[in-house]
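>
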Amino acid sequence: MSRYLTISLAILALAGCATQAEQVAAPVLTKEAVATQIGEKPTPTSPPTGQQWLYGSAEGTIASAQTYQAMAQFVRAKALNRAIKTQAVLADGSTPDAPRFDSCGTKPLAAVFDADETLIWNVGAMRFMAEQGKDFDPAIWNAWEKSGAGKALAMPGAIEALKTMRDAGVTIIANTNRTSANAKGTEDTLRAAGLGEFKHGETLFLMGDDVTGSSKDARRSTIAARYCVVALAGDQLGDFANAFNAKGISVADRKKLATHPAIAPLWGNGWFLFSNPVYGPSIRGGYDEIFSAETKWEPAP
Ligand SMILES: [Mg+2]
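Here the sequence shown stands for residues -20 to -1, 1 to 281, numbered as in mature numbering (1 follows the signal peptide of the UniProt record, and there is no 0).
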């Protein structure tokens, strides 16, 4: 006899102590409800809300498409403007609250993108992990990096925007925390999604390319040494500066740093953020971190 059936019968037996009228009104126990009562995580019957929004909704598609359209117009205008440009990458040693941006000189233009949930939606892996009841599994993700080609989707608006930028003479570069050991799988995945050719070490930069781990700062610096980076795009703040990932930074301080007056004008104007309600360091915080005491409300009794 399964554990589920055993406990269901036990609950029904307990219900037998009630009057007949109460038994008629007793709620039907679903498998999920029983699993919750015995402390098991129920098998998900629908995707998490973040996945429903991002991958399924019209709103998620529009949010991506409108960011791509704005970015393509911005990058194209930059390419057509012959004025001397400055890097969109923070200069070495500068910070979001005291930024410096180097002059580009005569370097060729580039736009730098994160890959996951910026160029592509990882729908194959996300569905599989969600159906397993897992938020994230490193071993599954590693297999996905190797063999996910054809099962990831170009994000809405990406193919058109990349064409506009490339036609304007701008090199498209990906700087991602996918691992360098799986470089071929990522090149194949981006190509299969219709986003064109990315070559490791030239237009594809990966975690493991240097000794700084998941920080993308050094890779951004390497790219900016070769190119004039006119725009950065990502779904996590680490795609713009690693300072946003400072250990122990509070939800409020992270938001304050990201909207500091010194860099606030960059959002939508050199720095382009894509929505990701599915995963990442943005998804955290208790009630007292998310809401201020002044806005606490409850209905009158
Ligand atoms: Mg990403």
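Beta carbons are placed, not taken as given, at the ideal position from N, Cα and C, and that holds for glycine. The structure presented is a predicted model; accordingly, all values stated were derived computationally and were not measured.
Can you tell me whether residue 112 is buried or exposed, with buried defined as 16 or more other CB within 10 angstroms of its CB?
Here residue 112 refers to the residue found at position 132 of the sequence shown. Under this definition residue 112 is an exposed residue.
> In chain order, what are the residue ranges of uninterrupted beta strand (DSSP E) at least 3 long that sit wholly in the stretch 101 to 180?
With a minimum length of 3 residues, the continuous beta strand (DSSP E) runs that stay inside the stretch 101 to 180 are 151 to 159.
> Rounded C-beta distance between residue 104 and residue 131? I'm assuming under 8 Å.
Here residue 104 corresponds to residue number 124 of the sequence shown, with the count starting at 1. Here residue 131 corresponds to residue number 151 of the sequence shown, with the count starting at 1. 3 Å between Cβ atoms; contact.
> Do residue 152 and residue 91 have their C-beta atoms closer together than 8 Å?
Within the sequence shown, numbered from 1, the residue matching residue 152 stands at position 172. Within the sequence shown, numbered from 1, the residue matching residue 91 stands at position 111. Taking 8 Å as the Cβ cut-off, residue 152 and residue 91 qualify as a contacting pair.
> Any chance the stretch 54 to 62 sits against the stretch 146 to 160, with 3 or more Cβ pairs inside 8 Å?
Contact holds: three or more Cβ-Cβ distances are below 8 Å.
> Are the beta-carbon atoms belonging to residue 31 and residue 137 less than 8 Å from one another?
By one-based count along the sequence shown, residue 31 stands at place 51. By one-based count along the sequence shown, residue 137 stands at place 157. It is not a contact, given that the beta carbons lie outside the stated cut-off.
> In the DSSP assignment, find the beta strand (DSSP E) that holds residue 92 and state where it starts and stops.
One-based indexing of the sequence shown puts residue 92 at position 112. Unbroken beta strand (DSSP E) run through residue 92: 89 to 93.
> Beta carbon of residue 98: closer than 7 Å to some heavy atom of ligand 1?
Counted from its first residue, the sequence shown places residue 98 at position 118. For ligand 1, at least one heavy atom lies less than 7 Å from the Cβ of residue 98.
> Tell me which residue opens and which closes the beta strand (DSSP E) that residue 210 is part of.
The residue you call residue 210 lines up with position 230 of the sequence shown. Where residue 210 is concerned, the enclosing beta strand (DSSP E) stretches over 208 to 214.
> Whole angstroms are fine: how far does the CA of residue 220 sit from the CA of residue 72?
The residue given as residue 72 occupies position 92 in the sequence shown. The residue given as residue 220 occupies position 240 in the sequence shown. For residue 72 and residue 220, the distance between alpha carbons rounds to 13 Å.
> Going by Cα to Cα distance, which pick from 74, 156, 123 and 35 is closest to residue 107?
Numbered from its first residue, the sequence shown carries residue 107 at position 127. Answer by Cα proximity: 35.
> Helix, strand or coil for residue 276 per DSSP?
The residue given as residue 276 occupies position 296 in the sequence shown. It is coil, neither helix nor strand.
> Taking buried to mean at least 16 other C-beta atoms within 10 Å of its own C-beta, is residue 115 buried or exposed?
On the sequence shown, position 135 is the one that residue 115 refers to. When all chains shown are included, residue 115 counts as exposed.
> Below 6 Å CB to CB, which residues in the same chain sit around residue 290 once its five sequence neighbours on both sides are set aside?
In the structure as shown, the chain begins at -20 and stops at 281. Residue 290 is therefore absent and cannot be evaluated.
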